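First the structure, in the form of structure tokens, and then the observations on it.
Structure representation (structure tokens):
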């Protein structure tokens, strides 16, 4: 039995419902402009954005989910948005849904985007944690690791959040940016190597950084980092690092060009 | 705990959320171990006499009768909720949370919760915690 049957059915329901959602946002956008007071519409739009963003991001429409989340944030962060601003947000939501329906081929939309990177056998059944506050690089690295075959990949935005994730996830691999708000990647590395989270004292740790100098590299390696990747980097560089850390030595040497019989 | 296993409350005004969590738990191979009850608001959860019979509670950030996590957690603390709480949001990671003496996990991005293996590990951590995360 396919364990995803229920999720696939829910995804189909979401796909059928999306045109109605688009029309609802368009209607709300119009009603904002004629309402005496938009507080009711504002609440309705915020609730609708929140609900739909959650559904979309859980059921395979990651990009639409992210767009709706950004719109919800914009709504929350603007104190006095006014009828015009509110109408623009509702219209933007409607447009984003329409665009998704055209470009994402919803009839064949998979629960997860198709894999762009070949799976790494040794990552199957394992979990990874990405710690990155860059809003583009973080999701990119998470997606790449997920495609490489990790069972679960979590994304944390700060050192403190990463530590919480370490307790829950007990990751088999950590990819962490050096410069983070408050606690740095180096602080996290030191905490883990010092036994701050039981069982993670020797978890493979890849440090990401823009600091491409010898001293930084030596510092990271001395504190126990297993690899050091300078940003910006190609995903293939991350893949090679993961392979080296997780695959048996014979395979890793093979990748380096040595003709080893396996 | 029921004869089927764990019982989780899902407090979310989107009725599909409980179905999605059920689907993810099935994909994680936990269908026989975990059952869910849906509540559309905090009031719905707290009105029932059995509110403390849940092994864990999934709590959405945006509910019709509370003002974000802060308001919801203050209410749940006053109501002396005993169950551990998994805070979920469509965009987690930016909230500053006061725990009010409750056992909290998250906030966790709903997209992350959609990874079956992660949900499985999270639930196993919540049920038998090795460390107190936010306490």
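Protein chains in written order, with this note's numbering: chain A, 6 to 267; chain B, 4 to 138.
Even glycine gets a Cβ: it sits at the ideal position worked out from N, Cα and C.
Computed from a predicted model, the values in this text were never measured in an experiment.
Residue i vs residue j beta-carbon contact at 9 Å
{"i": "residue 129(A)", "j": "residue 100(A)", "result": "no"}
{"i": "residue 44(B)", "j": "residue 18(B)", "result": "no"}
{"i": "residue 26(A)", "j": "residue 102(A)", "result": "yes"}
{"i": "residue 174(A)", "j": "residue 108(B)", "result": "no"}
{"i": "residue 213(A)", "j": "residue 146(A)", "result": "yes"}
{"i": "residue 127(A)", "j": "residue 251(A)", "result": "yes"}
{"i": "residue 211(A)", "j": "residue 240(A)", "result": "no"}
{"i": "residue 33(B)", "j": "residue 126(B)", "result": "yes"}
{"i": "residue 57(A)", "j": "residue 38(A)", "result": "no"}
{"i": "residue 180(A)", "j": "residue 243(A)", "result": "yes"}
{"i": "residue 22(B)", "j": "residue 10(A)", "result": "no"}
{"i": "residue 159(A)", "j": "residue 194(A)", "result": "no"}
{"i": "residue 52(A)", "j": "residue 35(B)", "result": "no"}
{"i": "residue 98(A)", "j": "residue 54(A)", "result": "yes"}
{"i": "residue 80(B)", "j": "residue 105(B)", "result": "yes"}
{"i": "residue 10(B)", "j": "residue 57(B)", "result": "yes"}
{"i": "residue 177(A)", "j": "residue 139(A)", "result": "no"}
{"i": "residue 101(B)", "j": "residue 76(B)", "result": "yes"}
{"i": "residue 308(A)", "j": "residue 105(A)", "result": "No statement about residue 308(A) is possible, as the shown extent of chain A runs from 6 to 267 and does not include it."}
Residues near residue i by beta carbon distance below 7 Å, same chain, minus five either side
{"i": "residue 198(A)", "result": "206, 228 and 229"}
{"i": "residue 48(B)", "result": "12, 14, 42 and 54"}
{"i": "residue 246(A)", "result": "211, 232 and 234"}
{"i": "residue 25(B)", "result": "39"}
{"i": "residue 119(B)", "result": "27, 30 and 31"}
{"i": "residue 15(A)", "result": "64"}
{"i": "residue 151(A)", "result": "158"}
{"i": "residue 92(A)", "result": "34, 37 and 38"}
Burial state of residue i, where buried means 16 or more other Cβ atoms lie within 10 Å
{"i": "residue 123(B)", "result": "buried"}
{"i": "residue 218(A)", "result": "exposed"}
{"i": "residue 132(A)", "result": "buried"}
{"i": "residue 31(B)", "result": "buried"}
{"i": "residue 125(A)", "result": "buried"}
{"i": "residue 80(A)", "result": "buried"}
{"i": "residue 135(B)", "result": "Confidence is the limiting factor: at residue 135(B) the pLDDT is only 39, short of 50, which leaves the residue's position unreliable, though a coordinate-based value still follows. Exposed, since its Cβ has fewer than 16 Cβ neighbours within 10 Å."}
{"i": "residue 153(A)", "result": "buried"}
{"i": "residue 108(A)", "result": "exposed"}
{"i": "residue 223(A)", "result": "exposed"}
{"i": "residue 137(A)", "result": "buried"}
{"i": "residue 76(A)", "result": "buried"}
{"i": "residue 171(A)", "result": "buried"}
{"i": "residue 70(A)", "result": "buried"}
{"i": "residue 208(A)", "result": "buried"}
{"i": "residue 141(A)", "result": "exposed"}
{"i": "residue 44(A)", "result": "exposed"}
{"i": "residue 8(B)", "result": "exposed"}
{"i": "residue 226(A)", "result": "exposed"}
{"i": "residue 143(A)", "result": "buried"}
Same chain, Cβ closer than 6 Å to residue i, five either side skipped, listed in chain order
{"i": "residue 95(A)", "result": "30, 33, 34 and 50"}
{"i": "residue 92(B)", "result": "64 and 110"}
{"i": "residue 266(A)", "result": "Unreliable placement is indicated for residue 266(A), whose pLDDT of 32 sits below 50; the coordinate value is still reported in the next sentence. Contacts found: none."}
{"i": "residue 24(A)", "result": "none"}
Sequence-distant residues of the same chain with beta carbon closer than 8 Å to residue i, five excluded per side
{"i": "residue 238(A)", "result": "213"}
{"i": "residue 90(A)", "result": "83"}
{"i": "residue 19(A)", "result": "60, 61, 64 and 66"}
{"i": "residue 4(A)", "result": "The structure shown does not extend to residue 4(A), since chain A is modelled only from 6 through 267, so no value can be given for it."}
- Task: Could you tell me whether the stretch 57-77 of chain B touches the stretch 85-92 of chain B, using the rule of 3 or more Cβ pairs below 8 Å?
- Result: Flag = yes, the stretch 57-77 of chain B and the stretch 85-92 of chain B touch.
- Task: Jot down the residue ranges of each uninterrupted beta strand (DSSP E) in the stretch 185-225 of chain A, minimum 3 residues, whole runs only, in chain order.
- Result: Within the stretch 185-225 of chain A, the complete beta strand (DSSP E) segments at least 3 residues long are 210-214, listed from N- to C-terminus.
- Query: Is it a yes or a no for the stretch 104-119 of chain B touching the stretch 61-76 of chain A, going by three-plus beta-carbon pairs under 8 Å?
  - Reply: Verdict: yes, contact present.
- Please determine if the stretch 172-189 of chain A and the stretch 148-164 of chain A are in contact, where contact requires at least 3 C-beta pairs separated by less than 8 Å. The answer is yes - the stretch 148-164 of chain A touches the stretch 172-189 of chain A, with three or more Cβ pairs under 8 Å.
- Query: Unbroken beta strand (DSSP E) runs of length 3 or more, entirely within the stretch 103-137 of chain B: which are they?
  - Reply: For the stretch 103-137 of chain B, whole beta strand (DSSP E) runs of length 3 or above, ordered along the chain, are 107-112.
- Task: Write down every uninterrupted run of the alpha helix (DSSP H) in the stretch 32-79 of chain A whose length is 4 residues or greater and which is fully enclosed by it, in chain order.
- Result: Within the stretch 32-79 of chain A, complete alpha helix (DSSP H) segments of at least 4 residues are found at 44-63, given in chain order.
- Query: Which parts of the stretch 58-83 of chain B are runs of the alpha helix (DSSP H), unbroken and 4 residues or longer, counting only runs that do not cross its ends?
  - Reply: Residue ranges of uninterrupted alpha helix (DSSP H) with 4 or more members, entirely inside the stretch 58-83 of chain B and ordered along the chain, are 71-81.
- Considering only residues of the stretch 129-154 of chain A, which uninterrupted alpha helix (DSSP H) runs meet the minimum length of 4 residues and lie entirely inside it, listed in chain order? As far as the stretch 129-154 of chain A is concerned, its whole alpha helix (DSSP H) runs of at least 4 residues are 142-152.
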